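Novice: Below are the structure tokens for one structure; questions will follow.
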Amino acid sequence: MITNQLKWVYSIAVVVAVNVALQMNQNTVAQAGSRIAEKTAASNIVRHVDTSKKLVALTFDDGPSETFTPQVLELLAKYHAKATFFVIGYRAKQYPQLVARELADHHEIGNHTYSHVILTHKSERRILKELLDGHNAIMESVGADESHYFRPPRGRFDKKVLQLARNEGYKVILWSVDSGDWSNPGAAKVARHVLAKVHSGDIVLFHDQGGNRTQTIDALNQVIPALERQGYHFVTLSELMKSTEVQK
Ligand SMILES: [Zn+2]
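Under this note's numbering, think of the first position of the sequence shown as 144, with each following residue one higher.
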């Protein structure tokens, strides 16, 4: 009798243990799966490119601006420098001729959302709408949108943003050098900061819209020739990416 009871208790214990083990295993598998998904999504972010070539990608956010974008374009043309413009959708619709000029000058266009809303903690639907409306605005302004690059406003993102951008075929581009031009600290300070920080493969953040960008233009007038004297070339993001397989 006692033996039978013990057997019964033992059987129950085995069943419970097996179930617990299975459940733990399932949890571990699920956790590993979500870690892999996070890692895959994170690998879709580019801040810098490892290259031995003296290449730098200048990027300009928040345009176009009817006042400052033409000045940036003239400056880039003067130094035969190429850049990438992360345009805001509603502004692209307002100034399609400036987006067209950016392309005609062989610069690259990236998607910076339609309305420049911060995307973290937004619903999937809202994030997707910002991405697609941004894309459609570029389409409408210049008849095509071949951009593969997306930069979330203020560089802020979460897992949802990364996943949706990836699903839509975008690489998320951040930066390795922030010029700090957005805070208008003085052109000399912006230039000194960028010149002290820049190395091969860097992606540099500037703005061609969002307030008075005179300091940005003045800083670029110092930064571009100084870096050219050091042997640097200014290329689009695609050209920078082509220079290596390693992006981080
Ligand atoms: Zn922005």
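Where a beta carbon is used, it is the ideal one built from N, C-alpha and C, also for glycine. These numbers come from a predicted model, not from an experiment.
Do you know how far the Cα of D321 is from the Cα of V337?
Specialist: C-alpha separation (whole angstroms): 8 Å.
Novice: Any heavy atom of ligand 1 closer than 7 Å to the Cβ of P478?
Specialist: An answer regarding residue 478 cannot be provided, because it is not within the stretch 144 to 391 covered by the chain.
Novice: Alpha carbon to alpha carbon, how far is A331 from I360?
Specialist: Taking the straight line joining both Cα atoms gives about 11 Å.
Novice: Thinking just about the alpha-carbon of each residue, which of G353, G312 and G374 is nearest to the one in V341?
Specialist: Ranking G353, G312 and G374 by Cα distance to V341 puts G374 first.
Novice: Tell me the DSSP secondary structure of I231 in three-state form.
Specialist: Three-state result, I231: coil.
Novice: Can the beta-carbon of R294 be found less than 8 Å from the beta-carbon of G253?
Specialist: Yes, these two residues count as a Cβ contact at 8 Å.
Novice: For ligand 1, I want to know if H249 counts as a neighbour, meaning its beta carbon is within less than 7 Å of at least one of the ligand's heavy atoms.
Specialist: Every heavy atom of ligand 1 is 7 Å or more from the Cβ of H249, so no.
Novice: Quick test of your reading: P207 and V230, contact by CB under 8 Å. State the CB separation rounded to the nearest angstrom.
Specialist: 6 Å between Cβ atoms; contact.
Novice: Could you spell out the range, first to last residue, of the beta strand (DSSP E) harbouring E371?
Specialist: No beta strand (DSSP E) contains E371, which is instead part of the alpha helix (DSSP H) from T357 to R372.
Novice: Based on the DSSP secondary-structure assignment, which residues constitute the bridge partners of I316?
Specialist: Its beta-bridge partners are V189.
Novice: Ignore the nearest five residues each way along the sequence and tell me which others in L370's own chain have a CB closer than 6 Å to its CB.
Specialist: Closer than 6 Å at the Cβ level, and outside the excluded window around L370, lies no residue.
Novice: Quick one, are the C-beta atoms of S343 and S186 less than 8 Å apart?
Specialist: No, these two residues do not count as a Cβ contact at 8 Å.
Novice: For G235, which residues in the same chain have their Cβ closer than 7 Å to its Cβ, ignoring the five residues on either side in sequence?
Specialist: Checking the sequence shown, residue 235 turns out to be Ala, not Gly. Only P207, V242, A280, I281 and S284 meet the Cβ criterion.
Novice: Would you call T210 buried or exposed, if buried means 16 or more other Cβ atoms sit within 10 Å of its Cβ?
Specialist: That one is exposed.
Novice: Could you tell me whether the Cβ of V337 comes closer than 8 Å to any Cβ of chain B?
Specialist: Although the question refers to chain B, the structure presented lacks it and comprises just one protein chain.
Novice: Mind checking T171: buried by the 16 CB within 10 Å criterion, or exposed?
Specialist: With a pLDDT of 48 at T171, under the threshold of 50, the modelled position of this residue cannot be trusted, and the question is left open.
Novice: Within the present structure, is the beta-carbon of H259 separated from the nearest heavy atom of ligand 1 by less than 7 Å?
Specialist: At least one heavy atom of ligand 1 is nearer than 7 Å to the Cβ of H259, so yes.
Novice: Looking at K272: is its Cβ nearer than 8 Å to the Cβ of Y292?
Specialist: No, these two residues do not count as a Cβ contact at 8 Å.
Novice: Any idea what DSSP makes of H264, helix, strand or coil?
Specialist: Coil, per DSSP.
Novice: Is it buried or exposed for V260, if we count other Cβ within 10 angstroms and need 16 for buried?
Specialist: Exposed, because fewer than 16 other Cβ atoms sit within 10 Å of the Cβ of V260.
Novice: In angstroms, rounded to a whole number, what distance separates the CA positions of K385 and Q358?
Specialist: If you take the alpha carbons of K385 and Q358, they lie about 31 Å apart.
Novice: Excluding the five sequence neighbours on either side, which residues of its own chain have a C-beta within less than 7 Å of the C-beta of V366, listed in chain order?
Specialist: Excluding sequence neighbours, V366 sits near A334, V337 and L338.
Novice: For G323, collect the residues of the same chain with a Cβ closer than 7 Å to its Cβ; drop the 5 residues on either side in sequence, then sort them by chain order.
Specialist: Closer than 7 Å at Cβ, skipping near neighbours: V333 and H336.
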